[in-house]
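Before any comments, here is the structure.
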């Protein structure tokens, strides 16, 4: 008889003095465009999947990072997350591969009712050296499901997310 261990959707790691949530994200063939690399609209979906795995509580039988505290899968949840803004800087085309991309994320700012989620999308974790394909920032706002209005971050959220607070991304080509 083999022992079943829970599937881990993401993990919190500290490397080079920075604490990040590391999420393996598999590509799908449909994520590619006619040029043979990941389409820019598919990148938004990949980042969304990473964000959900980092902050939403995992399903029964799965384990997640300590940052995964939102009960967003419940229809009775009191709060939901909305994206107020998202920026992506593409650094290199993402080719198709069967090994998962290494998406790393952290929080660049904790506000009253919002957080700035920062991402870096790398080639698979086993690659040496890894290629950074894209960097992104999403402003995520906590909103009441009842009123649709922003709500303040709870103490639990602040405690869970403070360990991954780091420097925000500085983009190379701001206009």
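Numbering (the working numbering), first residue to last: 7 to 181.
Backbone N, C-alpha and C fix where the C-beta goes; we use that ideal spot for every residue, glycine too.
**Asked** Under a Cβ-count criterion, where at least 16 other Cβ atoms within 10 Å of its own Cβ denotes burial, should residue 102 be classed as buried or exposed?
**Response** Its Cβ having fewer than 16 others within 10 Å, residue 102 is exposed.
**Asked** Can you list, in chain order, the residues of its chain whose CB lies under 7 Å from that of residue 151, leaving out five sequence neighbours each side?
**Response** These residues qualify, in order along the chain: 83, 84, 85, 86.
**Message:** According to DSSP, is residue 114 part of a helix, a strand, or is it coil?
**Reply:** In the three-state reduction of the DSSP assignment, residue 114 falls in the strand class.
**Message:** Can you find the residues in the same chain that come closer than 7 Å, C-beta to C-beta, to residue 49, ignoring five residues on each side of it along the sequence?
**Reply:** Here the set comprises 94, 140.
**Request:** Assuming residue 127 contacts residue 107 (C-beta within less than 8 Å), just tell me the rounded distance between them.
**Result:** Residue 127 to residue 107, Cβ: 6 Å. Contact.
**Prompt:** So does the region 11 to 31 actually touch the region 62 to 77, counting three or more Cβ pairs closer than 8 Å?
**Reply:** Contact between the region 11 to 31 and the region 62 to 77 is present, because at least three Cβ pairs lie under 8 Å.
**Request:** Just the C-alpha distance for residue 130 and residue 142, rounded to the nearest angstrom, thanks.
**Result:** Roughly 18 Å between the two C-alpha positions.
**Item:** Beta-carbon contacts of residue 136 that lie in its chain and below 8 Å, excluding the five residues immediately before and after
**Value:** Cβ neighbours of residue 136 beyond the five flanking positions: 108, 128, 129, 130.
**Message:** I'd like the list of long-range same chain contacts for residue 138, defined as Cβ closer than 6 Å, with 5 residues on each side in sequence excluded.
**Reply:** Around residue 138: 97, 126, 128.
**Message:** When you compare the CB positions of residue 114 and residue 29, do they come within less than 9 Å of one another, or not?
**Reply:** In this structure, residue 29 does not lie closer than 9 Å to residue 114 by Cβ.
**Prompt:** Whose C-beta lies closer than 6 Å to the C-beta of residue 37 among residues of the same chain, with five residues either side of it excluded?
**Reply:** Excluding positions up to five away in sequence, the list reads 44, 48.
**Request:** Leaving aside the five residues before and after residue 99 along the sequence, list all residues of the same chain whose C-beta is less than 6 Å from its C-beta, in chain order.
**Result:** Spatial neighbours of residue 99 in its own chain (CB-CB distance under 6 Å, excluding positions within 5 residues in sequence) are listed in chain order as 43.
**Request:** May I ask which residues mark the beginning and end of the beta strand (DSSP E) holding residue 65?
**Result:** Membership of residue 65 in any beta strand (DSSP E) is not indicated, and neither H nor E is assigned to it by DSSP.
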